[in-house]
Amino acid sequence: MKISIASDHAGFEQKQALVDYLASQGHDVIDRGPDCDDRVDYPDYAALVAHDVVDGAAERGVLVCGTGIGMAVAANKIDGIRAANVTSPLFAALAREHNDANVVAVSGRFVDEPTNREILDAFVSTAFGGGRHAGRVEKIAALENE
0 MKISIASDHA GFEQKQALVD YLASQGHDVI DRGPDCDDRV DYPDYAALVA
50 HDVVDGAAER GVLVCGTGIG MAVAANKIDG IRAANVTSPL FAALAREHND
100 ANVVAVSGRF VDEPTNREIL DAFVSTAFGG GRHAGRVEKI AALENE
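In numbering that gives the first Met the number 0, the protein residues as written are 0 to 145.
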């Protein structure tokens with residue numbers, strides 16, 4: 000799978016480790032930065048990943064900041080993005096299965112790296128469930144036109 004990933008300064012260390020992990024799992028990883036832990040503004044990096052996903056350069060996106068909250072909020076401003084801020088593998092699987100989330104935002108400060116690896120495993124391996132969830136996802140997409 001082709002995955003775009005970025006962080007801010009708070010998530011930089013885990014982003015670096017997660018890039019290596021995803022690549023070791025056979026994924027084609029687009030690292031959108033930053034390239035060091037100097038202070039940066041997370042909306043800039045969330046937008047890069049979100050645009051990769053909606054433009055088709057990547058199938059999924061991964062964002063890492065202190066909590067994951069700001070990155071998810073910023074990414075969700077891009078039409079076509081369904082970003083979920085998750086702290087557990089179960090939530091990652093449910094975000095995919097029920098909401099067809101195409102971007103996951105994780106915490107680099109409050110969730111340890113092994114758990115974030117499990118979150119990414121669930122996020123990339125879980126398919127959208129469709130069925131009763133499809134109509135709800137269509138309603139979410141319609142909100143972008145309001």
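No residue lacks a Cβ here, since even glycine has one placed at the ideal position from N, Cα and C.
Since this is a predicted model, take the numbers as computed values, not measurements.
Three-state class that DSSP yields for residue i in the structure shown
{"i": "V211", "result": "This structure cannot speak to residue 211, because the chain is shown only from 0 to 145."}
{"i": "G107", "result": "coil"}
{"i": "I60", "result": "Here residue 60 turns out to be Gly, not Ile, going by the sequence shown. Strand, per DSSP."}
{"i": "D191", "result": "For the chain, the structure presents residues 0 to 145; residue 191 sits outside this window and is missing."}
{"i": "I118", "result": "helix"}
{"i": "I80", "result": "coil"}
{"i": "D51", "result": "helix"}
is_contact[residue i, chain B] using C-beta, thresh 8 Å
{"i": "E145", "result": "Considering every chain present, this structure includes no chain B. It has just one protein chain."}
Straight-line gap, residue i to residue j (C-alpha atoms, nearest Å)
{"i": "E112", "j": "R81", "result": "23 Å"}
{"i": "Q24", "j": "I139", "result": "32 Å"}
{"i": "R31", "j": "N84", "result": "19 Å"}
{"i": "V48", "j": "A16", "result": "17 Å"}
{"i": "P33", "j": "K14", "result": "9 Å"}
{"i": "T125", "j": "D37", "result": "34 Å"}
{"i": "N115", "j": "A141", "result": "31 Å"}
{"i": "C35", "j": "Y41", "result": "13 Å"}
{"i": "V72", "j": "T86", "result": "15 Å"}
{"i": "F127", "j": "V39", "result": "33 Å"}
Assigned exposure category for residue i - 16 Cβ within 10 Å defines buried
{"i": "G130", "result": "exposed"}
{"i": "D7", "result": "buried"}
{"i": "G10", "result": "buried"}
{"i": "N144", "result": "exposed"}
{"i": "G107", "result": "buried"}
{"i": "A133", "result": "exposed"}
Whether residue i touches residue j by CB criterion (8 Å)
{"i": "G65", "j": "D51", "result": "no"}
{"i": "I118", "j": "P88", "result": "yes"}
{"i": "P100", "j": "A94", "result": "The sequence as given places Ala at residue 100; Pro does not occur at that position. Yes, Cβ-Cβ distance for A100 and A94 is below 8 Å."}
{"i": "L62", "j": "V102", "result": "yes"}
Candidates the options, of which the one nearest residue i by Cα
{"i": "A159", "options": "H97, A141, S3", "result": "A question about residue 159 goes unanswered here, because the residues of the chain that appear run from 0 up to 145."}
{"i": "F109", "options": "H132, G128, D19, E12", "result": "E12"}
{"i": "L21", "options": "V39, Y41, M0, A133", "result": "M0"}
{"i": "G55", "options": "F122, G128, D120, G79", "result": "G79"}
{"i": "F122", "options": "H97, E137, K76", "result": "H97"}
{"i": "V105", "options": "G128, A74, F127", "result": "A74"}
{"i": "F90", "options": "D120, R135, V72, D19", "result": "D120"}
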